[in-house]
Amino acid sequence: MQVRTRFAPSPTGFLHIGGARTALFSWAYAKRHHGQFILRIEDTDVARSTPEAVQAILDGMQWLGLTYDEGPFYQMQRMDKYREIIQKMLNDGSAYYCYCSKEELDALREQQMQQGLKPRYDGRWRPEEGKVLPTPPQGVPPVVRFKNPLTGVVAWDDLVKGRIEIANEELDDLIIARADGTPTYNFCVVVDDWEMRITQVIRGDDHVNNTPRQINMLKALGATVPQYAHLSMILGDDGQKLSKRHGAVSVMQYDEEGYLPAAVLNYLARLGWSHGDDEVFSVQKFCEWFDLNHITPSAAQFNTEKLNWLNAHYIKEMPLDALAKEVARRLLRIGVAVQDQPDLSAVLALYRERANNLNQLAKEIAYFYQTPAANQSDVEKHITDEIKPVLVALKTRLEQVEWSAEHIHAIMNQIVTEHQLKFPKLAMPLRVMLTGIAQSPSIDQVIAILGKELTISRINAYLN
RNA sequence: GUCCCCAUCGUCUAGAGGCCUAGGACACCUCCCUUUCACGGAGGCGACCGGGGUUCGAAUCCCCGUGGGGACGCCA
Numbered sequence: 286m287q288v289r290t291r292f293a294p295s296p297t298g299f300l301h302i303g304g305a306r307t308a309l310f311s312w313a314y315a316k317r318h319h320g321q322f323i324l325r326i327e328d329t330d331v332a333r334s335t336p337e338a339v340q341a342i343l344d345g346m347q348w349l350g351l352t353y354d355e356g357p358f359y360q361m362q363r364m365d366k367y368r369e370i371i372q373k374m375l376n377d378g379s380a381y382y383c384y385c386s387k388e389e390l391d392a393l394r395e396q397q398m399q400q401g402l403k404p405r406y407d408g409r410w411r412p413e414e415g416k417v418l419p420t421p422p423q424g425v426p427p428v429v430r431f432k433n434p435l436t437g438v439v440a441w442d443d444l445v446k447g448r449i450e451i452a453n454e455e456l457d458d459l460i461i462a463r464a465d466g467t468p469t470y471n472f473c474v475v476v477d478d479w480e481m482r483i484t485q486v487i488r489g490d491d492h493v494n495n496t497p498r499q500i501n502m503l504k505a506l507g508a509t510v511p512q513y514a515h516l517s518m519i520l521g522d523d524g525q526k527l528s529k530r531h532g533a534v535s536v537m538q539y540d541e542e543g544y545l546p547a548a549v550l551n552y553l554a555r556l557g558w559s560h561g562d563d564e565v566f567s568v569q570k571f572c573e574w575f576d577l578n579h580i581t582p583s584a585a586q587f588n589t590e591k592l593n594w595l596n597a598h599y600i601k602e603m604p605l606d607a608l609a610k611e612v613a614r615r616l617l618r619i620g621v622a623v624q625d626q627p628d629l630s631a632v633l634a635l636y637r638e639r640a641n642n643l644n645q646l647a648k649e650i651a652y653f654y655q656t657p658a659a660n661q662s663d664v665e666k667h668i669t670d671e672i673k674p675v676l677v678a679l680k681t682r683l684e685q686v687e688w689s690a691e692h693i694h695a696i697m698n699q700i701v702t703e704h705q706l707k708f709p710k711l712a713m714p715l716r717v718m719l720t721g722i723a724q725s726p727s728i729d730q731v732i733a734i735l736g737k738e739l740t741i742s743r744i745n746a747y748l749n
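According to this note's numbering, the residues represented by the first sequence are 286 to 749, in order.
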């Protein structure tokens, strides 16, 4: 059978890291089986859904490269379909009107909680053979409830968690249409997964409890029940649950914070899934390897350190021109315009080995394009009066040398020998003069890329 | 409270009864490299939640605890 998976976010906020992983797994599963991946926006909560959130989700998916074969579908545009099916269920008796007010239900819930019972609807408007229903109150618009089976068990073999069984006694008659007529989540999911012929529902752990109700509805509709795979949640770096006010960052924030999508993808792939000892692999490999039986059923804690490490890897691996584009953009953001010289690709070839973050990388190389603000303590420590004559001598020699790292290195060696100094005695003050700080790659290479003009003028600034 | 789920190094994980004196990766520590800081290389530290079974043999299967999490909406 043709594999069809879907990602079905509700547009009430940005695409966060947990949602991104769910999307990634669904997408990869479809790719792995040469199937289709469908994007469906679950926007039936009119009060909380926003077009901005829809856009944020689309942006996040695009940034990660999670393309969809069908959609995006919007549930609000499918109202006619839902209404039609609700009417059908009303007609065939698998659903019924309920006139309970919210207040009534709240009171019922509270009472049940106090008695130590699981709060649920007590079925007072549920039609039953020989049962006399209350008279519908005047002017109260009813909700529609699904008539859930009273006995028996609902069971499914979860592709991640194994067999799960739930007794129907635990379930109540859930509302499938609100008093204003709009259908609710559990119902829309059922209709859509059915109509869109979804074969594997891959979603968050928090939906396990919805699954038996959905299966019951699917059965009532005579629909095929898809397979389910419930992914456990992702915890924050501190082991705490991710929430709106606690660390649930948008995937786009990773872009802002200097991460490459390849790194985020690779990191997410390994969070809760594994392929033996493999740690670093491309998204293509992931699509070849991905399977549901190697998903961990337990929750996973996010680890920024490891993401950083992967980010470093992908910064080293990516094509230099692509990296240059990426870094130029970030330089601009901190107010640095890249010029033709020094050559950005050359700069990055020298610097990317040591970087694990694009923003940090941009910050580190900014001095090639603007005079750096010198670190005062480094200046005092390294640019001493004793060394200044040596630097004057070096400068004179630099003015005549053929401009390459090798030649520059050679004259530095000469100077050092002539003045009977250790190499760092010369290298350190140069570093501070040219870069503003005491850490840089090999200073001769820095000088070579920086160019004669900038090198001499920055040295002069300290000698006059 | 009720139901459901989960449990291997600090973290992500390998592990489908013997291959496990439990492997890898991040982090951490030491050393090497060295022109500073990184990168890199070589080592090191470090875990099967507890108790009962089953079995010749259990990290792996079963039960009971314990701990953690999720769900119980006219939210999704």
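No residue lacks a Cβ here, since even glycine has one placed at the ideal position from N, Cα and C.
The model shown is predicted, which means the values in this text are computed figures rather than measured ones.
Range covered by the alpha helix (DSSP H) that runs through residue i
| i | result |
| --- | --- |
| Arg291 | Run containing Arg291: none in the alpha helix (DSSP H); it sits in the beta strand (DSSP E), 289 to 292. |
| Trp479 | 470 to 480 |
| Cys572 | 568 to 574 |
| Phe310 | 302 to 317 |
| Ile487 | Ile487 -> not in any alpha helix (DSSP H); beta strand (DSSP E) instead, spanning 485 to 489. |
| Phe708 | 708 to 720 |
Whether residue i touches residue j by CB criterion (8 Å)
| i | j | result |
| --- | --- | --- |
| Val475 | Leu503 | yes |
| Trp558 | Ile580 | yes |
| Leu418 | Gln485 | no |
| Arg488 | Thr720 | no |
| Ala305 | Phe571 | no |
| Trp688 | Ala733 | yes |
| Gly303 | Ile519 | yes |
| Ile342 | Pro294 | yes |
Of the residues the options, the one placed nearest residue i, counting alpha carbons only
| i | options | result |
| --- | --- | --- |
| Asn453 | Gln645, Asp465, Asn433 | Asn433 |
| Leu763 | Tyr544, Arg291, Ser567 | Past the boundaries of the shown model lies residue 763; the chain is included only from 286 to 749, so the question cannot be answered. |
| Ile460 | Met518, Ala613, Met374, Lys601 | Met374 |
| Lys610 | Ser727, Gln685, Leu646 | Leu646 |
| Arg333 | Trp312, Leu324, Met361 | Met361 |
| Asn551 | Leu309, Phe292, Thr290 | Leu309 |
| Lys316 | Gly350, Ile342, Leu616 | Gly350 |
| Ile371 | Glu388, Gly466, Glu480 | Gly466 |
| Ser249 | Tyr382, Pro582, Ala585, Pro546 | In this structure the chain extends from 286 to 749, so residue 249 is not present and cannot be described. |
| Gln661 | Trp688, Pro714, Ile700, Val701 | Pro714 |
| Ala584 | Leu635, Asn642, Gln525 | Gln525 |
| Gln347 | Phe587, Val612, Asp540, Gly447 | Asp540 |
| Leu676 | Ile696, Glu687, Ala690, Gln569 | Ile696 |
| Arg743 | Leu683, Gln705, Phe472, Glu691 | Leu683 |
| Gly447 | Asp490, Arg409, Ala508, Arg405 | Asp490 |
| Leu553 | Tyr381, Ala338, Val565 | Val565 |
| Val664 | Ala723, Thr740, Gln624 | Ala723 |
| Leu456 | Pro412, Tyr406, Lys710, Cys473 | Tyr406 |
| Gly507 | Ser379, Ile326, Glu337 | Ser379 |
| Ala464 | Glu355, His560, Ser386, Ala690 | Ser386 |
Beta-carbon proximity list for residue i, same chain, < 7 Å, skipping 5 on both sides
| i | result |
| --- | --- |
| His694 | Asp729 |
| Tyr747 | Ile668, Met718 |
| Gln626 | Gly736 |
| Lys232 | This structure cannot speak to residue 232, because the chain is shown only from 286 to 749. |
| Gly345 | Phe299, Leu300, Ala305, Ser535, Val536, Met537 |
| Tyr353 | Phe322, Ile323, Leu324 |
| Tyr382 | Trp410, Pro427, Val429 |
Presumed contact (8 Å Cβ cut-off) between residue i and residue j, rounded CB distance
| i | j | result |
| --- | --- | --- |
| Thr469 | Thr329 | 7 Å |
| Thr290 | Phe322 | 6 Å |
| Tyr359 | Ile326 | 5 Å |
Residue i - containing beta strand (DSSP E), residue span
| i | result |
| --- | --- |
| Ala822 | No answer is possible for residue 822: the residues shown for the chain start at 286 and end at 749. |
| Phe322 | 321 to 326 |
| Ala622 | No beta strand (DSSP E) holds Ala622; DSSP gives it neither H nor E. |
| Tyr359 | 355 to 359 |
| Trp594 | Trp594 -> not in any beta strand (DSSP E); alpha helix (DSSP H) instead, spanning 589 to 602. |
| Gly350 | Neither: Gly350 is in no beta strand (DSSP E) and is coded neither H nor E. |
| Tyr382 | 380 to 383 |
| His515 | 512 to 516 |
Other residues of its chain near residue i: CB distance less than 6 Å, five sequence neighbours each side excluded
| i | result |
| --- | --- |
| Ser725 | Arg716, Val731 |
| Glu414 | none |
| Val621 | Ala651, Tyr654, Gln655 |
| Asp522 | Phe587, Thr589 |
| Val686 | His692, Ile696 |
| Glu395 | none |
Close Cβ partners of residue i (< 8 Å) along its chain, the five nearest in sequence each way excluded
| i | result |
| --- | --- |
| Gly437 | Ala452, Asn453 |
| Lys601 | Arg637, Glu638 |
| Pro422 | Tyr384 |
| Val510 | Trp441, Ile500, Leu503, Lys504 |
| Thr335 | Pro296, Thr297 |
| His318 | Val288 |
| Val331 | Met361, Thr467 |
| Leu275 | Shown here, the chain extends from 286 to 749; a query on residue 275 therefore has no answer. |
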